[in-house]
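According to the UniProt record's numbering, the sequence shown is numbered sequentially starting from 1. In what follows, a single structure is set out as structure tokens and then discussed.
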Amino acid sequence: MSLIILYIKTFPPLPRKGADAMMHRWGLNLLSHGLRQIYGLTLSSRALEYRGDHEGLGPGSGNSGHILLGPHGKPRLSDHPQIHFSLTNCPGLVACAFSDSEIGIDAEMPRGVSPALLSRVLTEEEAKMLASSDHLSFSHLWTCKEALAKCTGLGLNSDIYRVSFRLSAAAAIPPAAKYPPLFYPLLPVRFQRKDYYLAQGHLPDGHIISLCSAKVIDSIKILPVQQTRQ
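Quick look at the structure:
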């Protein structure tokens, strides 16, 4: 069983110029807050900055000293490998998830996509499910794929594209589990001979958040950004 602690910051539309850099900085701020509140580690967002693209880089080549990036860009703490976290940002939202096992998070505001993109990134089962549903959007599926990619650290390779996510029937919430309002578990998926567990949430502003864990997601705790300020 796994507890996921989630920090979320929402905001109005940003000017296009500089928006990516600003959201990146806010994500590192959430990471810094969580490390301090949950684990008692004091690392500023500046100290957590990273620019490298893979592990093994030396000083001056992009490695911050505290963050290492895996071969496909998954960040981890160099001195605290037992701490698992994942970051995401999209227009209007940044979020950081912490867990005691491998974790992936992705968020998106529902959007329209072209038929060509649907055929390229969805399985046949997913495409049929989406076509027959009045309430599911492409973002419900895409954020699950992104969350799995981040959890495994393998990126969006062709194997993950072939994984079918089943969103029409949610798994039962374990009796002792604690999920916040508007969050619910999804059926697990199997990838490379291992089970991965999923949860999805819908924020009041319309954003969809998907979480993927290497363990059954027992509880999700959301800490508002204002609670992180000290």
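The C-beta atom is built at its ideal place from N, Cα and C for all residues, glycine as well. Just so it is clear, the structure is predicted and the values come from calculations on it, not from any experiment.
Check: Taking the beta strand (DSSP E) that L28 falls in, what are its first and last residues?; Outcome: Run containing L28: none in the beta strand (DSSP E); it sits in the alpha helix (DSSP H), A19 to Y39.
Check: Suppose you measure from the CA of L122 to the CA of Q82; what does that come to, to the nearest Å?; Outcome: 33 Å
Check: What first and last residue would you give for the beta strand (DSSP E) that runs through D106?; Outcome: I103 to E108
Check: Nearest to L93 by alpha carbon, out of P204, I217 and Q37?; Outcome: P204
Check: Do you know how far the Cα of L211 is from the Cα of R76?; Outcome: 17 Å
Check: Taking the alpha helix (DSSP H) that Y161 falls in, what are its first and last residues?; Outcome: S158 to Y161
Check: With DSSP run on the structure shown, which of helix, strand or coil describes residue 233?; Outcome: The first residue shown for the chain is 1 and the last is 230, placing residue 233 beyond what the model contains.
Check: If I measure Cβ to Cβ from R166 and keep anything under 7 Å in the same chain, skipping five residues before and after, which residues do I get?; Outcome: L187
Check: Going straight from the alpha carbon of G206 to that of R193, what length do you get?; Outcome: 34 Å
Check: Taking C-beta to C-beta, are M1 and V216 nearer than 7 Å?; Outcome: yes
Check: Can you give me the C-alpha to C-alpha distance between R111 and A199, rounded to a whole angstrom?; Outcome: 20 Å
Check: Using 8 Å for Cβ pairs, my map puts K150 next to S86. What's the rounded Cβ distance?; Outcome: 5 Å
Check: Please report the Cβ distance between A47 and H33, rounded to the nearest whole angstrom; I am assuming they are in contact, meaning their Cβ atoms lie under 8 Å.; Outcome: Going by Cβ atoms, the distance from A47 to H33 rounds to 13 Å, so no, they are not a contact pair.
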